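Let me begin by presenting the structure, written as C-alpha cells, before commenting on it.
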Amino acid sequence: MKAFADLYRRLDSATSTRAKQAAMAEAFAGARDDPGTRGSAAWMVYFLAGGKPRQIVPTRLMWRLAVEASGYPEWLCEECYHSVGDLAETLALLLPEGVAGEEISLEAWMRQRLLPLPALEEDERYARLERWVDELPADQRLAFFKLITGELRVGVSRLQVVKALAEVAGIEESRMAQRIIGYAQARRTPSAEDFEALIAEVAHGEAAALDAGRPYPFYLAQSWQRPVVEMAETLGLPSDWVIEWKFDGIRAQLVRRGDNWRLWSRGEELISDAYPDLEPLARALPPDTTLDGELVVMHPPPGARPADSLDGLAPFASLQQRLGRKVVSAKTLKELPVAFIVYDLVELDGQDIRGEPQHGRRASLARLAEEVLAQAQARGERLPLRISPTVTAPDWEALDAIRVGARALGREGLMLKARGGAYGVGRRKGGDRTNVWWKWKLDPMSVDAVLIYAQRGHGRRSGVYSDYTFAVWSAGEEVPSRELIPFAKAYSGVSDAEMREMDFIIRRTTVETFGPVRSVQPTQVIELGFEGIQPSNRHRSGVAVRFPRMLRWRRDKPVSEADTLESLRQLLPAKPVERRAGRSSDEGAN
Amino acid sequence: MDLIVPTDRGLYCAAGDFYIDPWRPVPRALITHAHGDHARFGSDLYVCHETSAPILKKRFGDVRIETAAYGEILNRNGVEISFHPAGHILGSAQIRIAYRGEVWVASGDYKLERDGVSAPFEPLRAHAFITESTFGLPIYRWRPQAETLAAIEAWWRGNAAAGRASLLFGYALGKAQRVLASIDAGIGPIVCHGAVEAMNVIYREAGVALPPTPRADAVDKAELRRALVLAPPAAYASPWAKRFGEYSDALASGFMQVRGNRRRRGLDRGFVLSDHADWPGLISAIEATGATRVFATHGAAAPLARFLREQKSLDARVYATAYGEEEETTEAAAQAEAAQ
Chain W
240 MKAFADLYRR LDSATSTRAK QAAMAEAFAG ARDDPGTRGS AAWMVYFLAG
290 GKPRQIVPTR LMWRLAVEAS GYPEWLCEEC YHSVGDLAET LALLLPEGVA
340 GEEISLEAWM RQRLLPLPAL EEDERYARLE RWVDELPADQ RLAFFKLITG
390 ELRVGVSRLQ VVKALAEVAG IEESRMAQRI IGYAQARRTP SAEDFEALIA
440 EVAHGEAAAL DAGRPYPFYL AQSWQRPVVE MAETLGLPSD WVIEWKFDGI
490 RAQLVRRGDN WRLWSRGEEL ISDAYPDLEP LARALPPDTT LDGELVVMHP
540 PPGARPADSL DGLAPFASLQ QRLGRKVVSA KTLKELPVAF IVYDLVELDG
590 QDIRGEPQHG RRASLARLAE EVLAQAQARG ERLPLRISPT VTAPDWEALD
640 AIRVGARALG REGLMLKARG GAYGVGRRKG GDRTNVWWKW KLDPMSVDAV
690 LIYAQRGHGR RSGVYSDYTF AVWSAGEEVP SRELIPFAKA YSGVSDAEMR
740 EMDFIIRRTT VETFGPVRSV QPTQVIELGF EGIQPSNRHR SGVAVRFPRM
790 LRWRRDKPVS EADTLESLRQ LLPAKPVERR AGRSSDEGAN
Chain U
237 MDLIVPTDRG LYCAAGDFYI DPWRPVPRAL ITHAHGDHAR FGSDLYVCHE
287 TSAPILKKRF GDVRIETAAY GEILNRNGVE ISFHPAGHIL GSAQIRIAYR
337 GEVWVASGDY KLERDGVSAP FEPLRAHAFI TESTFGLPIY RWRPQAETLA
387 AIEAWWRGNA AAGRASLLFG YALGKAQRVL ASIDAGIGPI VCHGAVEAMN
437 VIYREAGVAL PPTPRADAVD KAELRRALVL APPAAYASPW AKRFGEYSDA
487 LASGFMQVRG NRRRRGLDRG FVLSDHADWP GLISAIEATG ATRVFATHGA
537 AAPLARFLRE QKSLDARVYA TAYGEEEETT EAAAQAEAAQ
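Keeping their order, the protein sequence lines are chains W and U. If you read the first sequence in the numbering used here, its first letter stands for residue 240, the second for the next number, and so on. If you read the second sequence in the numbering used here, its first letter stands for residue 237, the second for the next number, and so on.
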C-alpha cells in the first residue's frame, strides 16, 4: 500500500503531464525489475486506467465510518463533505490518527482484505474496516479510501498510463493501448501474470492471439472550431479528405474473431448482448474482421437500395430507448431495430491494417461490405449493415452549406478524415494537422439564460460553486408578473478564473442556502448552448435540452434581457425529424 | 442590551460608543489587526495596538490613530478597553471590553501556535466571546509549523538543485514574514514581491529579524533560478512572475488542506500553513474563555455555532459580518476587479 500511496502523492503533486508519466513509469519499472511487486503493480495499473471494483464498501458504511470513527455528528460530517467535495478525502481528513501497523501490499489488500469483504455481515465488515483504518499510517489513508470509492481524481488519463507502460515495456503505444483494453473492467482481479502480459515483448501474430474479441483502441476526432475561410489554408482541398456525416448514434467496434463476435462501445464496454440484431451481420462477416462505425436505429424501407442509403434512419431519441437494457424483448427488436453504419475497417483477415491510409481502408471496407450484402441478398437475407456515405463538394463553403443542413437530417455535422491518414490511438491534441480526424459539428443552439442556483462541485472543483442551474423568463418584459423558470443545469464551458469569479459573486448574492445548494439573486446572464431540444412533460419548462454548456458569460446583458420560454420553444423541431432526407447528398455521393 | 451588537457598519459597543473592525466609515474604530477585511479606510479615528499603527499608516496614509500597548487599559465612558495578543500577525489583538462587571472579548483573527513573529495568543476569560471561524470544520487540523516549513524547505531545495525558482504565494502581510523569519535562508537567495517587501520593512522596524531580501533585479540571473520568491496570490501567473523563467509554484494557506483548492489553481504544491486557528484550536480557545455566550463571525460560522450549541451546550450564534476569508476572498475580489 505504501508504494501505491507514494505514487498517488507524486501524481497528485505533479501538474505537468511529463512529471506524471515519469512517476508512473518509475513505479512500473520498479515492478518490471522486481517480480515480487508485480501483483501490486497489476492493481495500480487497474486503478490508474480507471478500473473500479464492484462496490466493496457501500457508501452507507463509509458514512458510518466517518461519523463513528470521527466522533462528530452526522450533519457536521456532511458539512465537511460539501466543503471537500470528495468522500474519500473527507474521511482521510476527518478521522483521528491511529497507530500504524505493519505494511501490507496493495495486492494483499485487494485480494485478502477488500475483495472478500462484500460476502461478510455488515457489522463484521464495519468492524474490520474500522480496525484497518486505525492501523493505516496517516499518509496512506487518502490512497486507501480512494481505492474504495474508485474515484482517483489524480489527473491521469488512460493514454498517459498507456504511454508509461509502453515506455517501460519498450513497445509501441498502439500495441500497449490494445493490450490494456478490457484490463480495467469492473469484475477483473488483475494478477502478476496480467502485469507481465502487459509489459511482455511483442509476440509473433499477437493481434490474432489477443482473442476474447478485444477491440482496437478507438481513434477519436478532434473538434474543428475555426472559421470556414481558414479551412482551405489549413486543410487544403476538400478532395484531400474523406468526408462523411457525423451521426448521432453510439460509436462501436464490431469484432469478429474465429467463431465469436463482440460489439464494444467507445467506453470499452461489451455491449453485444444488448444488440442481438447484429448477430446475422457478425456471422456474415469473414472471420478475423474488425469494423468501426455507428450504431443507430433504422427502419429499412422495403425494396433494394444502395449500400450507403440511410433511408429509415431514426433520431437518437429512438436509440436512447435501447440504451442500458440488458435483455431486449422481441417487441423492442421489431419496433426499434438497430443497424451498423460502418466507416472504417481496422482488421481484415486477421491483419491489423490501421497503418494503411484512410482512403485505402475505406476502399477495402466498401468492397467487403458490398460483398457481404450481395451474398446476403443472394440468400434472401437483409443485413443491418450500411456504409457511411461520403459527402463531396467542390469547396469548403459548399460543404459548410451541407453541414448546416445536418440538423434537419438529425445528424451532428460532418467528419473530415485525412485521405492519407492512419487509424490512430485515442485523441491526439495538436500534432500533424493532416493526419487527423476532425469533427466539424453544427453550431449549438443557444439562449441567454439567468443563473439562479449554484452547487459546489466535486474533484478539481470541490468547494467551489461550479454547478449551475439556469432559467429563462416565463414571458416577455411586458408581463410584470413573469418569473424565471429553470430549464437546464450546466457545469462546463467557463474557465477556472471565470469560475472563481462566479464563485465570489455567488457567495455575495446568496439568497438562501440549502445544504450544498445556494439560490442566488438573478444577476448573471450566460449564453447557454445545447445540442438538441425535445418537448418534456417532466420539466416545468416543458422542454429538455441535450448537452447544455456555457458558451459565454454575457456581462453586457442585464437580466431583464435574458431569453424567454417562447424563444426556447421556437427551437423545438417543428415536426419529428424527417426519416427521409430532403436535400441530401447521401445518394450518389460515392 | 448586549454590550456589543452587530450593526450594518460593524460590531458596535453603545456604552463606549465605538465600533470594532467596522466595514463602513465610523467616528471611532477599534482595530484588531491591519488586514484589509478588518481595517478599512474612511473612519475618523482608529484605535489599535502600537505595532499595528505603522501598517495602518502605510495602507491609509495620514489618518488619526491612537495606540495602546498589550494589556494597557483605555477608559471610555466607563468602559474599559484593552488589547491582548491574538497570535495572528504583527500587532494583532483580541479586544477586551469590560463594563459594569461584564467582560466581552472580540477575538479578531487568531491562532494558538507560536509562529516566532507575532506575540503569542493570550487566553482571556470572558462572559461573551466573539470568535472568528474561518476554519470552523473538523477537516482543518494543522501540522506543527516546523513540519510544514521543513516541507517548504525540501521543495525549495529540490527546485534549486534542478535550477528552477520556487514561487511561494501567500498573504503579503503576515504569512510571508512568518515564512521568512523561520525558513533556512542558506538554501538560496530570497526575493520578495513589492507588496511583501513593503510589509517586511515594517516588520524589521518593529524589531523582527528577517533574512536579507534583495530586489529581484539586483540578483544575478543564474542565482534567481535557485531563489525562493515570496509573492501575494494576485501575482499568480502574472507578467511579474514571468521573469523567473521556469519555476515551480506553491501556495501557503490553510485552504490547501483540501486538494481541490490547490488543483483547480493548477499549482504544483500547496502548503497547509495558516495564521488562523484550526478546528481543535478554535474549540480549545473558546472553551478556555469560560464564555457561555459565543458569536462566530466568518468562514464556517454556522457549523461552528451549531456544534457549540449542540455538543458544548453553549449559547452560540452567528454574527453576520463582512470579514472575509481574507486569503480566498481578497484574491477573488482582486480577480473580479481585474476582469471588469
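Ideal placement from N, C-alpha and C gives every residue a C-beta, glycine not left out. Since this is a predicted model, take the numbers as computed values, not measurements.
Is the CB of residue i under 8 Å away from at least one CB in chain W?
i	result
U/F371	no
U/P516	no
U/V494	yes
U/R461	no
U/R245	no
U/P475	no
Residues of chain U with CB closer than 8 Å to the CB of residue i, please, in chain order.
i	result
W/P312	F543, E546 and Q547
W/T254	G502, L503 and D504
W/S309	P374
W/D735	R500, R501 and G502
When the Cα atoms are used, what is the spatial distance from residue i to residue j?
i	j	result
W/Y692	W/V733	16 Å
U/G246	W/R739	27 Å
W/V481	W/G532	15 Å
U/E523	U/W340	14 Å
U/G443	U/A304	18 Å
W/A377	U/G430	39 Å
U/R500	U/H363	42 Å
W/P761	U/P242	27 Å
W/V468	W/I765	28 Å
W/A714	W/Q417	55 Å
U/G278	U/D244	15 Å
U/R451	W/E328	40 Å
W/L474	W/S462	14 Å
W/A347	W/D735	40 Å
Does chain U have any CB closer than 8 Å to the CB of residue i?
i	result
W/D795	no
W/R249	no
W/S701	yes
W/D487	no
W/K259	no
Between residue i and residue j, is the Cβ-Cβ spacing less than 8 Å?
i	j	result
U/K294	U/A434	yes
W/W712	W/A632	no
W/H321	W/R695	yes
U/G401	U/F507	The sequence given here has Ala at residue 401 of chain U, not Gly. Going by C-beta atoms, U/A401 is not nearer than 8 Å to U/F507.
W/V577	W/R561	yes
W/V630	W/W792	no
U/T370	U/S328	no
U/L466	U/G410	no
Given that residue i touches chain W, what residues does it touch there, using C-beta distances under 8 Å?
i	result
U/D375	Rather than Asp, the amino acid found at residue 375 of chain U in this sequence is Ile. Going along chain W in sequence order, the residues near U/I375 (Cβ under 8 Å) are C319, S322, V323, T329, L332 and L333.
Spell out the partners DSSP gives residue i in its beta bridges.
i	result
U/S402	U/L464 and U/S484
W/S504	W/A491
W/F743	Bridge partners of W/F743: none, in fact.
U/I301	U/Y282
W/Q590	W/L587
W/I510	Answer is none; W/I510 lacks a bridge partner.
U/H320	U/Q330
W/G532	W/A491 and W/V581
List the residues of chain W that residue i touches, going by C-beta distances under 7 Å, in chain order.
i	result
U/N497	G702
U/P539	L315 and E318
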